[in-house]
Every structure is written in C-alpha cells, then in structure tokens.
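A short worksheet on the structure shown next.
Protein chains: 2
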Amino acid sequence: MATSETANSPPARATPARTRRALPRAERRNQLIRATIKCVAKKGLAATTMADITTEAGLSTGIVNLHFKTKELLLVETLRFVTDEYKQGFDKIFVDKNSADLEIVRAIVNYDFSPQIVNRNKLAVWFAFLGEVKARPIYQKICARHDNDINQQLGALFASLLKRSGNHSVDVELIASGYSALTDGLWLDILLSPRRTSTAIAREVAWQYVSGIIN
Amino acid sequence: MATSETANSPPARATPARTRRALPRAERRNQLIRATIKCVAKKGLAATTMADITTEAGLSTGIVNLHFKTKELLLVETLRFVTDEYKQGFDKIFVDKNSADLEIVRAIVNYDFSPQIVNRNKLAVWFAFLGEVKARPIYQKICARHDNDINQQLGALFASLLKRSGNHSVDVELIASGYSALTDGLWLDILLSPRRTSTAIAREVAWQYVSGIIN
DNA sequence: TCCCTGAATGAATGATCATTCATTTGTTCT
DNA sequence: AGAACAAATGAATGATCATTCATTCAGGGA
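Residue numbers (the numbering used here), protein chains in the order written: chain F, 1 to 215; chain R, 216 to 430.
Structural data, given as structure tokens:
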C-alpha cells in the first residue's frame with residue numbers, strides 16, 4: 001500500500017526529488033496520449049486544456065508542442081490510438097482462431113463486451129470524437145475508415161457463415177451494418193447509464209441479434 | 216423564389232435598413248436555440264462561440280446573456296429542445312393511432328427514419344451533446360432521462376405485442392433496449408458516412424430487427 | 001404627442017489558453 | 001572527463017472569448 005501510486009502522479013522516488021529524464025520519442029508520445037485520454041474522459045473534449053494534459057502527465061507546459069507540434073495534432077493522434085487499439089484486438093481474433101466461423105463470431109461478441117473494450121474512459125473518448133465528426137473532417141475520416149474496415153471484415157465473416165448453413169436469402173452487408181450499429185448503440189447506452197444497461201445485458205442483446213441471424 | 220430566404224439570415228426587408236424589433240421572450244429564445252443548432256452542427260460544440268451564434272441569429276453581442284444568462288444555459292436549453300422535439304413526434308404516434316400495436320411499431324420505425332428525424336444537423340447536435348455526457352452531469356441527466364422514457368414506452372409496446380401473439384419466452388426490456396441501441400447506432404452511421412448507410416438501408420435494418428422479434 | 005418601460009445593442013473588460021523560445025538539464029560519444 | 005547534442009522546462013506573449021453594462025431605441029399607454 002505504501003508504494004502504490006496513481007497512474008500519472010509524479011513518481012514518488014526515494015532518489016533526489018523528481019528528476020527529469022529524457023525518454024525515447026515514442027514513449028513520451030504514448031505517455032501524453034494516455035494523459036489526453038484521461039483528461040478527455042474526465043473533462044470532455046471541449047474543456048480539456050493543454051495545462052490539464054501536461055499536469056496529468058506530470059510534465060511541463062511546452063512538452064506537447066515539442067512532441068506533437070499543436071494541440072490539434074495530439075488530439076488526432078489520440079483518436080488514432082483508440083481506434084488502432086480496438087482494431088488490434090479485433091484482428092487478433094481472426095488470426096488466433098483458425099477455428100470455425102461460429103467460434104470467431106462468438107469471440108467477437110465477447111471481445112466487444114470485454115472489460116478491455118467496455119471501459120468508460122475509452123468509450124467516453126471514442127464518443128467525444130464521434131460527436132465532432134460533422135465539424136471536423138479529419139475526425140470523420142479516421143472514424144469512417146475504422147468503421148468501414150470493421151464492417152468489411154464482419155461482412156466477409158457473416159457471408160462465410162451463412163453460405164455454410166445454406167442460407168442465401170439475407171444481405172450480409174445489412175447484417176454487418178446492423179451488428180456494428182447495435183454495438184455502437186449499446187456502448188453508448190453503457191456510457192449514458194451504466195446502471196440500466198449492464199455489460200452483461202448488452203452482451204446478451206448483441207448475442208441475440210447474432211443468433212437470430214445464423215439460425 | 217424571390218421572397219425565399221435562408222432560415223436565419225437577417226430579414227431582407229424593403230423597409231429602412233435592418234430595424235431592431237422587440238420580440239416576445241419565447242420567440243427570441245427559440246430563434247437563438249435554432250441558431251445554436253446550426254452553429255453546433257457546422258462548427259461543433261467545442262468551437263461554437265457566442266459571436267457565431269449571435270451572428271447566425273443576426274442579433275447583437277449581449278443578446279444571449281440577456282435571454283439565457285450564460286452560454287452554458289443556452290446549450291442546455293438547446294439540448295432540451297432537441298430531445299423534446301423528438302419526444303413530441305414520438306408521443307404523437309401513440310395518440311394518433313388507436314390502431315393495432317403492429318401498426319404503431321411500424322409507424323415508429325418510419326418515424327425514426329423519416330426526414331424529420333434523420334437530419335444531419337439535428338443528428339450532429341444530438342451526438343455532440345452525447346459526446347460530452349461523461350464530462351457534464353447535466354447533459355448526462357437530460358439524455359439519460361430521454362432514453363429512459365423512450366425505452367419504457369417501447370417496452371410496454373413490445374410487451375403488448377408479444378402477449379397477443381402468445382410469445383412469453385422473450386424479455387421485452389431487452390428488446391426495447393436493443394431497438395433503441397440499434398437506432399442510435401444507425402443514426403451514428405448515417406452521420407458518420409451518409410454515403411455508405413443510406414436512410415433507406417438503415418430503416419430496413421431496423422425493420423429486420425423488429426420483424427425478427429415479432430415473428 | 002410625449003413619456004416610460006424594457007428589449008436590444010456593442011464597446012470595453014478581464015479571464016483563459018495555446019504557443020513560443022531562451023534557458024536548463026540530462027545523455028551520449030570520444 | 002568534457003564537449004556536443006537533444007530533451008525538457010516554464011515565464012512571457014498574444015490571441016480569443018464570455019460577460020458586463022452604459023447607452024440606444026421601439027412600442028404602447030395616457
């Protein structure tokens with residue numbers, strides 16, 4: 001307990017007092033992105049200031065401009081970070097399992113409602129950016145590309161799954177869009193009222209949708 | 216055509232040059248809310264300034280503070296305006312039709328994807344506020360209450376519908392939550408990439424979900 | 001017609017904030 | 001060790017913005 005510390009508080013080291021240490025570029029950038037996620041989740045996109053971010057990271061005023069040039073570029077990288085993270089876990093499901101399509105679908109539903117994904121901070125950041133897509137072409141582009149990638153992979157998966165079961169009467173594109181929309185909506189529900197829509201219930205709703213399709 | 220004018224441009228009158236006219240409180244407030252919707256849709260919640268709003272409304276600097284006290288209060292009233300407007304149309308469906316439950320469900324799906332609701336400006340505003348719910352308790356409260364109301368009415372409707380068909384094996388709460396989440400997700404898709412997800416497709420996906428339930 | 005009331009105006013104010021850059025400090029190479 | 005380089009700092013700057021309030025003006029009652 002004595003050695004525990006909050007994620008981004010300045011390290012309470014035994015040695016001198018708060019040394020400043022040069023870090024590889026990539027590591028500093030990651031640290032700043034993480035701090036940004038925390039701040040945006042807590043204060044929202046509109047109210048998050050550079051001072052909030054650098055304080056959260058335990059660093060100095062000019063550090064963001066040094067590593068990202070401008071605040072806006074940091075925000076864009078933060079959005080990319082969040083989408084890339086989701087995509088990595090998503091792709092892993094396809095690679096890991098060379099098992100049956102049905103197993104993959106099951107794994108995706110579990111992934112979408114795993115603690116890794118259903119995390120109020122990350123959800124808040126994701127929807128904060130989505131809330132600005134109409135106004136900011138760059139956010140729109142990143143989010144749309146992300147959604148598109150996911151949908152294409154889901155479409156192929158559903159196609160393979162339904163061909164196997166001899167069902168040709170349904171449009172896989174529609175089903176993939178439906179599943180994506182449903183999960184987005186369920187995440188939003190969880191963000192909005194975590195009491196009412198628990199993760200378990202959301203997973204059940206998503207699973208019901210999927211099993212309604214494949215039976 | 217000669218007399219047409221954009222909604223909020225300063226009235227191009229034949230008389231003098233831009234008279235200033237006192238308006239009933241409620242009318243001015245509505246005018247400012249409408250201007251806010253336009254601005255938030257165009258520039259986003261974060262970047263919308265008081266000057267943007269008053270310019271859009273064709274009024275002077277201090278007008279918002281006169282009618283809403285602060286910018287934040289104007290934003291809250293704008294959110295309420297958007298949710299109330301949806302709710303009014305929604306309630307009307309229940310009142311208008313004393314017809315079969317199935318007809319009501321059909322009307323709701325049509326309503327949710329009618330031009331009145333699927334309007335990129337209003338969708339942008341709705342999601343702009345949703346994007347800030349984690350950070351702003353007042354937005355969270357308004358949005359959560361709205362979603363809750365809708366869900367309760369939908370739950371009752373589905374219950375009545377399924378009782379009639381003798382189906383007792385399904386949880387109506389789950390179905391209502393699912394439908395709400397699905398529509399939210401579909402709206403988001405439309406906002407994000409209007410090309411890919413057309414309104415017609417979205418309606419079809421929503422209707423597929425519903426008919427999967429009631430059969 | 002002439003007040004009187006309150007709606008509307010907009011210049012001025014002060015607070016907030018992103019960005020800059022001269023200086024400090026850590027790291028690496030010889 | 002110490003020179004050379006790069007990373008990090010943070011006080012200073014200038015821009016942006018919400019809010020204030022003294023003044024202007026429209027409309028209705030006497």
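Cβ coordinates follow ideal geometry from the N, Cα and C atoms, glycine included.
Check: Neighbourhood of R:Val-348 by C-beta, 7 Å cutoff - its chain only, sequence neighbours within 5 removed; Outcome: Tyr-354, Gln-355, Cys-358
Check: CB contact flag (F:Asp-112, F:Arg-164, <8 Å); Outcome: no
Check: Proximity below 8 Å, CB of R:Thr-364 to CB of R:Lys-302; Outcome: Residue 364 of chain R is actually Asp in this sequence, not Thr. Their beta carbons are under 8 Å apart, which means R:Asp-364 touches R:Lys-302 by this criterion.
Check: Cβ shell of F:Cys-39 (< 6 Å), same chain only, five flanking positions each side left out; Outcome: Thr-48, Asp-52, Ile-53, Glu-56
Check: Close Cβ partners of F:Ser-180 (< 8 Å) along its chain, the five nearest in sequence each way excluded; Outcome: Asp-147, Ile-150, Asn-151, Leu-154
Check: Alpha helix (DSSP H) segments (min. 4 residues) lying fully within the region 309-350 of chain R; Outcome: 316-327, 335-345
Check: Where F:Gly-166 sits in the DSSP three-state scheme; Outcome: coil
Check: Close-in-space but distant-in-sequence residues of the same chain around F:Arg-203 (CB under 7 Å, 5 per side omitted); Outcome: Val-109, Phe-113
Check: Alpha-carbon to alpha-carbon, F:Leu-188 and R:Phe-305; Outcome: 21 Å
Check: Below-8 Å beta-carbon distance, F:Thr-197 vs any chain R residue; Outcome: yes
Check: Interface residues of the region 305-331 of chain R facing chain F [CB-CB below 8 Å]; Outcome: none
Check: Within-8 Å CB hit, F:Gly-178 to chain R; Outcome: yes
Check: Whole-angstrom distance between F:Arg-25 and F:Asn-65, CA atom to CA atom; Outcome: 13 Å
Check: Cβ neighbours of F:Ile-37 in the same chain (closer than 8 Å, five flanking residues each side left out); Outcome: Thr-78, Phe-81, Val-82, Asn-121, Lys-122, Val-125
Check: Under 8 Å between C-beta atoms of F:Val-105 and F:Leu-161; Outcome: yes
Check: Below-8 Å beta-carbon distance, F:Gly-58 vs any chain R residue; Outcome: no
Check: Chain-ordered chain R contacts of F:Arg-120 [CB-CB under 9 Å]; Outcome: Lys-349
Check: Reduced DSSP category for F:Leu-186 - H, G, I as helix; E, B as strand; rest coil; Outcome: helix
Check: Reduced DSSP category for F:Gly-58 - H, G, I as helix; E, B as strand; rest coil; Outcome: coil
Check: Contact belief for F:Leu-45 with R:Gly-346 at Cβ below 8 Å, rounded distance in angstroms; Outcome: 7 Å
Check: Interfacial residues, the region 124-148 of chain F to chain R, with Cβ spacing under 8 Å; Outcome: Ala-124, Phe-127, Ala-128, Phe-129, Leu-130, Gly-131, Glu-132, Val-133, Lys-134, Ala-135, Arg-136, Gln-140, Cys-143, Ala-144, Asp-147, Asn-148
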